[in-house]
Amino acid sequence: MTEQQNTGGTVKKFLYINRRAPHGSNYAQEGLEVALIGAAFEQDVAMAYIDDGVFQLKRDQDTSAIGSKNFSATFRALGDYDVRKVYVERESLESRGIGEEDLMPLVYEDEDDDWEEKPLVSVVSAAEMRDIIDQADVILNF
Amino acid sequence: MGAILHTVNKSPFEKNSLQTCLRMSLPGSSILLIEDGVYAALAGGDAAAGLAAAMQDRSVAVLGPDLRARGIAEDRIMDGIEIVDYDGFVRLAAASAKVQSWM
Chain A
22 MTEQQNTGGT VKKFLYINRR APHGSNYAQE GLEVALIGAA FEQDVAMAYI
72 DDGVFQLKRD QDTSAIGSKN FSATFRALGD YDVRKVYVER ESLESRGIGE
122 EDLMPLVYED EDDDWEEKPL VSVVSAAEMR DIIDQADVIL NF
Chain B
89 MGAILHTVNK SPFEKNSLQT CLRMSLPGSS ILLIEDGVYA ALAGGDAAAG
139 LAAAMQDRSV AVLGPDLRAR GIAEDRIMDG IEIVDYDGFV RLAAASAKVQ
189 SWM
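From first to last, the protein sequence lines are chains A and B.
Counting in the numbering used here, the first sequence runs from 22 upward without gaps.
Counting in the numbering used here, the second sequence runs from 89 upward without gaps.
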């Protein structure tokens, strides 16, 4: 193997587009797990939440009464896996009667700034989301 | 025929199950939102107007455990929608001639 292959080769910009609500199907949990695996392999990972995908980030989820796993706690791992970009479309929030204050306060520790905790989630317009999608090298949909 | 209990288990933002339910349910019938169907009950959401119109002549309820699983507090639900638990689901079904699931 060449030196480049040993070090994992070129880093590509991966964008995971999440458009499903969290508990009605497996898509949401699978998307999160695949993104974390990609991040563990030191790819440049960004998450995008559009349509019902924005419900995945709703705070205060408690699945104890419906007999399914509450994977929403796993979102806290995104910052630990060096994911720095979590984009949520504002229009999707507004049409669903929720807002930025309803989202989990995800953070990451900035190693370049004395490990200060900084917010991970950016609420962006549809126009901004279009550009984010345009600039990705690889797009995966869940 | 007796009154029908209509259940809706899909998000109104992803599928037209709720729309069809509202179009196909008679006055006097009951509608119960379950699973991803509970997102329709959010006050201020795009599904609220259609549900409010239906509540003029139909009763609408939402399943509390499915709300809690999705992080939706009871005070975020539209006025006039009853929040029921699993026992309430059974009572609604038992009080109806039949159950129609809009999936």
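Each residue gets a CB set at the ideal place from its N, CA and C atoms; glycine is no exception.
With a Cβ-Cβ cutoff of 8 Å, do residue i and residue j count as a contact?
{"i": "A:Phe163", "j": "A:Tyr70", "result": "no"}
{"i": "B:Arg146", "j": "B:Ser105", "result": "no"}
{"i": "A:Val109", "j": "A:Val142", "result": "yes"}
{"i": "B:Gln107", "j": "B:Gly133", "result": "no"}
{"i": "A:Ser85", "j": "A:Met125", "result": "no"}
Output needed for residue i: all residues of its chain with C-beta closer than 6 Å, excluding positions within five of it in sequence on either side, in chain order.
{"i": "A:Ala157", "result": "Lys34, Leu36"}
{"i": "B:Thr95", "result": "Leu120, Ile122, Ser189"}
{"i": "A:Met22", "result": "Below a pLDDT of 50, predicted positions are generally treated as unreliable, and A:Met22, at 40, falls in that range; no measurement from the model is reported."}
{"i": "A:Ser146", "result": "Arg111"}
{"i": "A:Leu99", "result": "none"}
By how many angstroms is the C-alpha of residue j removed from the C-alpha of residue i?
{"i": "B:Ala140", "j": "A:Glu115", "result": "19 Å"}
{"i": "B:Ile92", "j": "B:Val187", "result": "6 Å"}
{"i": "A:Ala42", "j": "A:Arg97", "result": "18 Å"}
{"i": "A:Gly30", "j": "A:Glu122", "result": "39 Å"}
{"i": "A:Asp72", "j": "A:Ile38", "result": "10 Å"}
{"i": "A:Arg105", "j": "A:Ile119", "result": "23 Å"}
{"i": "A:Lys139", "j": "A:Asp133", "result": "11 Å"}
{"i": "A:Val107", "j": "A:Met68", "result": "5 Å"}
{"i": "B:Gly168", "j": "A:Arg40", "result": "29 Å"}
{"i": "B:Ala135", "j": "B:Phe101", "result": "8 Å"}
{"i": "A:Val128", "j": "A:Phe76", "result": "18 Å"}
{"i": "A:Lys90", "j": "B:Gly116", "result": "37 Å"}
{"i": "A:Ile153", "j": "A:Ser46", "result": "26 Å"}
{"i": "B:Arg164", "j": "A:Gln82", "result": "14 Å"}
Below 8 Å on the Cβ atoms is my contact criterion, and I expect residue i with residue j to pass it. Report the Cβ-Cβ distance as a whole number of Å.
{"i": "B:Gly158", "j": "A:Lys79", "result": "Looking at the sequence itself, residue 158 of chain B is Arg, so the reference to Gly does not match. The pair is a contact, with the Cβ atoms about 6 Å apart (cut-off 8 Å)."}
{"i": "A:Arg151", "j": "B:Leu130", "result": "A:Arg151 to B:Leu130, Cβ: 26 Å. No contact."}
{"i": "B:Gly90", "j": "B:Ala185", "result": "3 Å"}
Can you name, in chain order, every residue of its own chain whose Cβ lies under 7 Å from the Cβ of residue i, other than the five neighbours on each side?
{"i": "A:Gly59", "result": "Phe35, Val66"}
{"i": "A:Tyr102", "result": "Leu57, Ala60, Ala61"}
{"i": "A:Asp64", "result": "Just to set this straight, residue 64 of chain A is Gln in the shown sequence, not Asp. So the list reads Val32, Lys33, Phe35, once near-sequence residues are dropped."}
{"i": "B:Met194", "result": "Residue numbering for chain B in the displayed model covers 89 to 191; residue 194 of chain B lies beyond these limits and cannot be assessed."}
Skipping 5 residues on each side, what residues in its chain have a beta carbon closer than 8 Å to that of residue i?
{"i": "B:Val126", "result": "Val150, Leu151, Asp154, Leu155, Arg158, Ile160"}
Hey, which unbroken runs of the alpha helix (DSSP H) at 4 residues or more fall wholly within the segment 105-142 of chain A?
The segment 105-142 of chain A contains these whole alpha helix (DSSP H) runs: 111-116.
What beta strand (DSSP E) runs, 3 residues minimum, are completely inside the segment 101-175 of chain B?
Within the segment 101-175 of chain B, the complete beta strand (DSSP E) runs of at least 3 residues are 118-121, 147-151, 170-172.
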